[in-house]
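Protein sequences, first through last, are from chains F and R. Residues are numbered in my numbering as their position in the first sequence, beginning at 1, plus a constant of 1399. Residues are numbered in my numbering as their position in the second sequence, beginning at 1, plus a constant of 1399. Cβ coordinates follow ideal geometry from the N, Cα and C atoms, glycine included. What you are looking at is a predicted structure, and each value in this text was computed from that prediction instead of being measured.
Number of protein chains: 2
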Amino acid sequence: MSAEALYEMMRTQRAIRRLKSDPIPDDVMHRILTAASWAPSGGNQQPWRIVLVRDAAKKKALGDMYGALWEKFAAMYRKRFEGLSPEEQAKEERTIAAGDYLCAHFHALPAVAIFCFNPKMMAVTDAKQDRVSVVGGGSVYPAVQNLMLACRAEGVGCVLTTLLCQVEPDVKALLDMPEDWYTCAAVPMGYPVGGGYGPIKRRAAGELCFEDGWKTPLSL
Amino acid sequence: MSAEALYEMMRTQRAIRRLKSDPIPDDVMHRILTAASWAPSGGNQQPWRIVLVRDAAKKKALGDMYGALWEKFAAMYRKRFEGLSPEEQAKEERTIAAGDYLCAHFHALPAVAIFCFNPKMMAVTDAKQDRVSVVGGGSVYPAVQNLMLACRAEGVGCVLTTLLCQVEPDVKALLDMPEDWYTCAAVPMGYPVGGGYGPIKRRAAGELCFEDGWKTPLSL
């Protein structure tokens, strides 16, 4: 594969929240989950699991939880962009509308991948720093990203969500999860309702990178 | 691009610790950093930055810190596999030898990407759970994985390391980082000394995935 072909996947990896209820064929799903399995993890421990939820009652229960959290989140999110230009506000409103659509159709999704992790299988090297820890995520979110890139390549829409972590005990009970396993992401999956994947808007590398220290923007 | 071509990249994404000192051309580096910029993040905030370290004195300083941490880590890691079979022990020893090589050549690497993040730009939805937090990582490690897959596609070796987070205040001082930005990964980069990328060993998807709940392994 040329690098360019990989980049074409990455630069069109949109968050897709409007998803059809059409089933995802087992062979496609198997390839997507296998792509996740290839991701690097600390000490190659693969300290994550996926509970793939396709059962109607469980999808309904997750959707109800997600909807309640989304409603609060959307209200807060709306406040954040009150000061933006009308064009930017309209763009954010489209994102919220897509989130509303996701909530309304959560129960009908073909599948939701609930990513779980076990901290005992991780060397959390930033655990003692005086700020929120993130390093455990280094052994799970590469797998999440592999899964989402695989979805992109297969034409399956998806979006990385973490709101359900706020009600983790309820999710754990619903999915019969053991005590020492926790949740880190929920990825709704399905074929896109609209145009699906396409160009994304991101800051350019030059705005995100420094040369040797924070004082010098990187110019390549 | 076919999905198969993406999978070929992913299933050969080895951790590569034996890296040459040959420079990485600016156009290659620019494409790799741009691939990172395309990754999804919560609310599209892109709450991460990269300090690309190529200055000799700073690489030497980082290498000295890394080497001291690696020595302790390797001793601990060795204890963990004392009970394994001779074949498995030999495999782990090869990993340690590669890590030793990385330490010995750290100062001569063409580049080290230090990933930084700002928790104020993140909605850390698992902050109130009674376990180590990981969700902040959901907005940075997809970018790390994009960068590493781009390295794979360009034939540039790399490995995800987090040991330097243990001495974060020293790294922040070395790189003139602002108070509210922290470090989450250091990715040494360079062309491979040996064969480079190739097949990896991972648990199969069937061992990592469940169907609707923890009690039922997924069979697709």
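query, result
"Strand pairing of R:G1589, partner residues [DSSP]", "R:G1556"
"Bridge-paired residues (DSSP) for R:F1472", "Per DSSP, none; premise fails for R:F1472."
"Chain R contact for F:P1439 (CB, 9 Å cutoff)", "yes"
"Boundaries (first-last residue) of the alpha helix (DSSP H) holding F:L1405", "1402-1409"
"Between the CA atoms of F:R1417 and F:D1425 - distance to the nearest angstrom", "21 Å"
"Within-9 Å CB hit, F:M1520 to chain R", "no"
"Nearest neighbour of F:W1447, chosen from F:A1456, F:I1513, F:G1605, F:Q1412 [CA to CA]", "F:I1513"
"Start-to-end residues for the alpha helix (DSSP H) that takes in R:E1486", "1485-1504"
"R:D1454 Cβ short of 8 Å to the ligand FAD heavy atom set", "For the structure depicted, the ligand FAD is absent and the ligand set is empty, with no information on it obtainable."
"Cα-Cα separation between R:V1539 and R:S1440, rounded to whole angstroms", "7 Å"
"Chain-ordered neighbours of R:P1577 on chain F, where CB pairs are closer than 9 Å", "W1613"
"DSSP three-state assignment for F:P1509, whether helix, strand or coil", "coil"
"Endpoints, beta strand (DSSP E) assigned at F:R1448", "1447-1452"
"Neighbour flag for F:D1421 against chain R, beta carbons, 9 Å", "no"
"Three-state class that DSSP yields for F:T1582 in the structure shown", "strand"
"F:P1568 versus R:L1405 - alpha carbon distance", "36 Å"
"Where R:I1628 meets chain F, residues with beta-carbon distance less than 7 Å", "Examination of residue 1628 of chain R is not possible in this model, given that chain R is present from 1400 through 1619 alone."
"Inter-residue CB distance, F:I1431 and F:L1546 (contact presumed, cutoff 8 Å)", "6 Å"
"For R:V1452 and R:K1459, believed in contact at Cβ under 8 Å, the rounded distance", "The Cβ separation is near 10 Å, so there is no contact."
"Interface flag, F:E1610 vs chain R, CB-CB below 9 Å", "yes"
"Distance, F:A1510 Cα to F:L1620 Cα", "No answer is possible for residue 1620 of chain F: the residues shown for chain F start at 1400 and end at 1619."
"Per-residue DSSP class, three states only, for R:P1616", "strand"
"F:E1610, enclosing beta strand (DSSP E) - first and last residue", "1608-1610"
"Member of F:W1613, F:V1566, F:V1523, F:G1554 whose CA lies at the smallest distance from the CA of F:M1464", "F:V1566"
"Cβ-based neighbour list, R:V1570, same chain, cut-off 6 Å, excluding 5 preceding and 5 following", "L1563, T1582"
"Within 8 Å of chain F by C-beta, residues of the region 1530-1546 of chain R in sequence order", "R1530, V1531, S1532, V1533, V1534, G1535, G1536, G1537, V1539, Y1540, P1541, V1543, Q1544, N1545"
"CA-to-CA distance, R:V1450 to R:A1435, given in whole angstroms", "13 Å"
"Residue environment, F:D1575, which counts as buried when at least 16 other CB atoms sit within 10 Å", "exposed"
"Close Cβ partners of F:F1609 (< 7 Å) along its chain, the five nearest in sequence each way excluded", "T1615, P1616, L1617"
"Best match in F:R1477, F:H1506, F:F1505, F:H1504 for proximity to F:E1492 [C-alpha to C-alpha]", "F:R1477"
"Closer than 9 Å to chain F by CB, R:K1471", "no"
"Cβ of F:C1502 within 9 Å of any chain R Cβ", "no"
"Short CB-CB distance (under 9 Å) between F:I1495 and chain R", "no"
"CB contact below 9 Å: R:L1619 versus chain F", "yes"
"Opposing strand residues paired with F:C1564 [DSSP bridges]", "Its beta-bridge partners do not exist; DSSP assigns none."
"Range covered by the alpha helix (DSSP H) that runs through R:M1520", "Counting along the chain, R:M1520 falls outside any alpha helix (DSSP H), and DSSP gives it neither H nor E."
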